[in-house]
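Under our numbering, think of the first position of the sequence shown as 36, with each following residue one higher. Comments concern the structure below.
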Amino acid sequence: MALASTRPITPLDGIRIVDLTSYIAGSYAAMMLADLGATIVKVESLAGDSFRELPGFHGWNRGKRSIALDLKTAEGRAVVERLAAQGDVVMENMRPGVADRLGVGYERLRAANPRLIYCSVTAFGSTGPYIERPGFDPLLQAMAGVMTLQGFGGPPQYLRVAVTDYFTAALAAQAVLAALFARERTGLGQRVETSLLQGVMALQSGSIVDYPGKTSVFRDNPTYRLYECQDGLWFFLACGNQSFWVKLCRALGLEHLADDPRFASWLKRLDNREALLPIFEQAFRSRPRQAWLEVLAAHDIPAGPVQPLAEFMEDPAVRHLDMLHDYEHPELGHLRLMGQPWRFSATPVTDPGRPPLLGEHGEQILRELGYDRAAIAGLRERGVLGGPAA
């Protein structure tokens, strides 16, 4: 009688993904699936992912194995075809038409594997007026009003966190998971797509709402904004409903404002912000930040300090949720990355390991595909295979 495996079963245990992506949105989408337990083979060019030179590369490519191939050769394409034939998912974020021209497009790969899920992430969609345009997160921030909104009536502001990339990555990962679920019911694979354009629109679902007479809420709200304290430090106050408003009035010793009809709702406080804002600014400048954070916490009022990410990384809540993982990297030494942002009671996620070196697993992957030592050596000699020799 065979003994049961003691290896934990992860949510995507056994799912094999061929990752042809680079940059952020595509790479991070695949990494999210690696964090859920999928086996990821990252197929890179001989020069590597275009963002390999950035520190962020390591935060978008944890848990993958890397093979470096020249896809402009028939032999390089044949490796991808074998991976796709034995895999479940192919992910790419090339410009529309490039994957087809390289011979690794949907129609070609699905011919060998009708159950294949093929995920494409583009800048502006695979059809339409902008398919030839290159696109990156800041361009969509600019075009879609994100920078204008952050400017709050002043000069536009560039969000340094790539919100469009990250949200589009989440959409791509969701699409892959939904397609895998659909395949369980139908037995059929399919192509799924999303884009930075769709991501930046979905990211602003509440902002897009429009109707005659709509009231603008994008104004300086005295109960939902930054405040500077006596010591020059800042915090964010987030009184998002009427209950918090009443608690805030009590915390500040301004109980009479709780019943003031000028401030009886979120929108009324916006309309009368010129009367309310100076009161709060004066109050919060009267004490150091920590004193105010303690007062607000005692009254159950949402507020948080403005601080660098490095300080937040030492927060006990971050540590409690295991949101920092440490690795030994052969080139970088000690490497710290974010932890995994989920918890599963029956199929726990496990850390899939550090990000790969360029082509680090190439020979191992080829052996798994049935290539013998001589064939692998030939690919390396002909410049098809890159990365270190085993």
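For each residue, glycine too, the CB sits at the ideal point set by N, CA and C. Computed from a predicted model, the values in this text were never measured in an experiment.
Complete alpha helix (DSSP H) runs within the region 193-275 (minimum length 4 residues, chain order) = Runs found: 198-221, 231-237, 240-243.
Check each candidate in Ala273, Asp266, Gln342, Ala147 and name the one with the smallest Cα separation from Arg322.
-> Nearest of Ala273, Asp266, Gln342, Ala147 to Arg322, Cα basis: Asp266.
If you scan the region 41-122 from start to end, which runs of the alpha helix (DSSP H) of 4 or more residues do you find wholly inside it?
-> Counting only runs of 4 or more, we get 60-70, 92-95, 109-121.
Within 10 angstroms of its Cβ, does Ser230 collect 16 or more other Cβ (buried), or is it exposed?
-> In the assembly as shown, Ser230 is a buried residue. Its beta-carbon has 16 or more other beta-carbons within 10 Å.
Quick one: Cα of Val252 to Cα of His291, how far?
-> The C-alpha of Val252 lies about 25 angstroms from the C-alpha of His291.
Please report how far the alpha carbon of Gln239 lies from the alpha carbon of Pro191, in whole angstroms.
-> One C-alpha to the other measures close to 17 angstroms.
Straight-line Cα distance separating Arg112 from Gly413 | Inter-residue distance for Gly413 and Arg112 is about 15 angstroms (C-alpha atoms, whole angstroms).
Rounded C-alpha distance that separates Pro387 from Pro46 = Pro46 has its alpha-carbon roughly 13 angstroms from the corresponding atom of Pro387.
Please name the residue or residues paired with Thr157 in a DSSP beta bridge.
-> DSSP lists Ser230 as the beta-bridge partner residues of Thr157.
Contact check, Ser161 vs Pro131, beta carbons under 7 angstroms = Yes; because the gap between Cβ atoms is below 7 angstroms, this pair is in contact.
With DSSP as the reference, please indicate the residues paired to Glu363 in a beta bridge.
-> Bridge partners of Glu363: His369.
Just confirm the distance between the C-beta atoms of Val9 and Leu393, as a whole number of angstroms; I'd bet it's less than 8 angstroms.
-> A query on residue 9 cannot be resolved here, the shown segment of the chain reaching from 36 to 425 and no further.
What is the DSSP secondary structure of Gly397, reduced to helix, strand or coil?
-> Of the three classes helix, strand and coil, the one that applies to Gly397 here is helix, per DSSP.
Is Pro149 helix, strand or coil when you go by DSSP?
-> Shown here, Pro149 sits in coil according to DSSP, grouped into three states, outside any helix or strand.
Quick one: what's Gly339 bridged to in DSSP?
-> Phe271.
To which residues of the same chain is Gly140 closer than 6 angstroms at the C-beta, ignoring the five residues directly before and after it?
-> Closer than 6 angstroms at Cβ, skipping near neighbours: Ala134.
Residue nearest to Gln209 in terms of C-alpha spacing, selected from Gly418, Ala64, Gly368 = Taking only the C-alpha atoms, the option nearest Gln209 is Ala64.
Exposure of Pro296, with buried meaning 16 or more beta-carbon neighbours within 10 Å | By the Cβ neighbour-count rule, Pro296 is exposed, with fewer than 16 other Cβ atoms within 10 Å of its own.
Of all the options Gly170, Tyr153, Leu175, Ala158, which has the alpha carbon lying nearest to the alpha carbon of Arg218?
-> Measuring from the Cα of Arg218, the nearest candidate turns out to be Tyr153.
Quick one: grab the DSSP three-state call for Gly413.
-> Collapsing the DSSP output to three states places Gly413 in a helix.
Proximity winner among Asp70, Gly188, Tyr262, relative to Arg324 (alpha-carbon distances) = Measuring from the Cα of Arg324, the nearest candidate turns out to be Tyr262.
Indicate the three-state DSSP secondary structure (helix, strand or coil) for Val330 in the structure shown.
-> The answer is helix: DSSP assigns Val330 an H, G or I state.
Specify the secondary structure class of Val139 as computed by DSSP and reduced to three states.
-> In the structure shown, Val139 sits in coil (DSSP, three-state: anything other than H, G, I, E or B).
With respect to 6 angstroms, is the separation between the Cβ of Ala237 and the closest non-hydrogen atom of the ligand MG below this value?
-> No copy of the ligand MG occurs in the structure displayed, which carries no ligand at all.
What residues are listed by DSSP as bridge partners for Glu127?
-> Per DSSP, Ser155.
Just confirm the distance between the C-beta atoms of Ala318 and Leu328, as a whole number of angstroms; I'd bet it's less than 8 angstroms.
-> About 14 angstroms separates the Cβ atoms of Ala318 and Leu328, ruling out a contact at the 8 angstroms cut-off.
When DSSP builds the beta bridges, which residues end up paired with Leu312?
-> Answer by DSSP bridge pairing: none, since Leu312 is not bridged.
6 angstroms CB neighbourhood of Val124 in its chain, flanking five on each side removed = The beta carbon of Val124 is closer than 6 angstroms to those of Ile52, Ile152, Val211 in its chain, skipping five residues each way along the sequence.
Same chain only: Cβ atoms within 8 angstroms of Leu106, ignoring 5 sequence neighbours per side | These residues qualify, in order along the chain: Val78, Ser80, Arg112, Val115, Leu137, Gly138, Val139.
If you count every other CB in all the chains shown that lies within 10 Å of the CB of Tyr58, and 16 or more means buried, which is it?
-> Buried.
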